[in-house]
Every structure is written in C-alpha cells, then in structure tokens.
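Here the structure is laid out as structure tokens; the discussion comes afterwards.
Protein chains: 2
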Amino acid sequence: MTYQVQIKVMPLKDLLDPQGKAVLGGLHNLGMSAVGDVRVGKHITLQVEAANEDAAKAIAEEASKKLLANAVMEYFEIEVVK
Amino acid sequence: MTYQVQIKVMPLKDLLDPQGKAVLGGLHNLGMSAVGDVRVGKHITLQVEAANEDAAKAIAEEASKKLLANAVMEYFEIEVVK
Numbered sequence: 002m003t004y005q006v007q008i009k010v011m012p013l014k015d016l017l018d019p020q021g022k023a024v025l026g027g028l029h030n031l032g033m034s035a036v037g038d039v040r041v042g043k044h045i046t047l048q049v050e051a052a053n054e055d056a057a058k059a060i061a062e063e064a065s066k067k068l069l070a071n072a073v074m075e076y077f078e079i080e081v082v083k
Numbered sequence: 002m003t004y005q006v007q008i009k010v011m012p013l014k015d016l017l018d019p020q021g022k023a024v025l026g027g028l029h030n031l032g033m034s035a036v037g038d039v040r041v042g043k044h045i046t047l048q049v050e051a052a053n054e055d056a057a058k059a060i061a062e063e064a065s066k067k068l069l070a071n072a073v074m075e076y077f078e079i080e081v082v083k
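Protein chains in written order, with my numbering: chain E, 2 to 83; chain Y, 2 to 83.
Right, here's the structure in full:
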C-alpha cells in the first residue's frame with residue numbers, strides 16, 4: 002500500500018535561525034508587529050510503498066536520518082497520513 | 002494572548018519540484034526504493050500576539066500572502082496550535 006508521509010524538519014530550538022530572523026524583520030517592515038518570533042524549516046512529503054503504517058514510518062525515519070535532516074542542527078517529526 | 006501558528010508552504014501540485022526530484026534521486030541512490038515521490042516545501046512557525054484564534058489565523062494568512070508564499074508557484078496551509 003502507498004502511504005503519504007509528512008516530515009517536518011526544523012532548526013533545533015537552542016540554535017539561532019537566521020532565515021527566521023530575516024522573515025521576522027520583513028514582516029515588521031510590512032507593519033505586522035503582532036508577529037513575535039519566526040522559525041523556518043523544511044516540509045517534505047513522501048509517497049512510501051510499505052506493508053503497513055509502522056513500516057512506512059520506519060522508512061521515513063531512515064530517510065530523515067540519512068538524508069533529509071542534519072541532526073547537528075535540525076530535528077524532525079514524522080506523520081503518516083494514510 | 003500568544004498563539005503558535007504553523008504554516009506549510011508547498012509547491013503547487015501541477016508544478017515540477019526539482020528539489021523534490023533531487024531528494025528522490027538521493028534516496029534511490031541510498032537504496033531506499035520504497036519511496037516513490039518527494040515534494041519539498043517550507044515549514045514556518047510564527048508566534049502571534051492576537052485576541053483570539055481567528056485573529057491569529059488572519060494575521061498568519063496575511064503574512065503568508067504578503068511575504069511567505071508565492072501564489073504563482075506555491076500554496077499554503079495554516080494551523081493554529083494554541
């Protein structure tokens with residue numbers, strides 16, 4: 002069966018996020034002062050062929066560790082949609 | 002009150018996603034042939050000061066339209082967490 006897997010890869014909470022800071026500056030320049038903090042990461046959607054949901058999640062986790070996320074700077078969260 | 006808003010910005014479904022194709026090639030080179038399709042977008046987390054959840058969502062929508070997403074190439078989804 003084919004599962005859709007959503008992976009969120011974000012910069013670690015303790016690290017500076019220059020891209021987020023730049024976006025925050027841009028929003029403030031546009032007059033949107035209600036926004037206090039911005040962090041920018043990646044969102045990756047995979048179509049995975051697997052026997053069941055757990056197997057699909059395991060494949061996505063392997064992909065995240067090997068290629069999609071850099072554990073030194075980023076953490077990731079996996080959600081299997083269907 | 003401060004709300005955390007999650008914004009997902011993805012390339013439109015009808016458009017090619019070269020970054021996703023590159024990631025797919027990388028995964029196949031790593032021997033992960035169970036992955037069939039990959040799309041890569043952005044995930045943005047905002048801290049928004051707003052009176053209620055609807056107001057927070059409206060601010061995030063304005064930010065997405067004005068700065069975060071390019072409507073010609075991308076669509077976005079907003080989720081208010083708390």
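All C-beta atoms, glycine included, are put in the ideal place defined by N, C-alpha and C.
Computed from a prediction, not measured in an experiment: that's the story for all the values here.
Asked, Found
"Report all residues from its chain with a CB closer than 8 Å to the CB of Y:F77; omit the five preceding and five following residues, and keep chain order.", "I8, K9, V10, M11, S65, L69, A70"
"Using alpha carbons as the reference points, say which of Y:G32, Y:V82, Y:D38, Y:V81 lies closest to Y:L17.", "Y:D38"
"Give the interface partners of Y:A51 over in chain E, defined as CB-CB distance under 8 Å, in chain order.", "A35"
"Please name the residue in E:V6, E:P19, E:M33 whose C-alpha comes closest to that of Y:A57.", "E:M33"
"Report the rounded CA-to-CA distance for Y:M2 versus Y:V49, giving the unit in angstroms.", "8 Å"
"Does chain Y have any CB closer than 8 Å to the CB of E:A70?", "no"
"Mind checking whether Y:V6 and Y:V82 have CB atoms under 8 Å apart?", "yes"
"Going by DSSP, what residues sit across from Y:L47 in a beta bridge?", "E:V39, Y:V6"
"Sorted by chain position, which residues of the same chain lie with C-beta nearer than 7 Å to E:E119's C-beta, five sequence neighbours on each side aside?", "Past the edges of chain E, shown from 2 to 83, lies residue 119 of chain E, and the structure says nothing about it."
"By Cβ distance, which residues of its chain are closer than 6 Å to Y:H29, with the 5 residues on each side in sequence left out?", "none"
"Output needed for E:M74: all residues of its chain with C-beta closer than 8 Å, excluding positions within five of it in sequence on either side, in chain order.", "P12, L13, L16"
"If you reduce the DSSP assignment to three classes, tell me which class Y:V81 lands in.", "strand"
"Give me the residue from Y:R40, Y:V36, Y:P19 with the minimum Cα distance to E:A52.", "Y:V36"
"Alpha carbons only, please: which of E:I60, E:G26, E:D55 is nearest the one belonging to Y:L47?", "E:G26"
"State yes or no: is the C-beta of E:H44 within less than 8 Å of the C-beta of Y:K43?", "yes"
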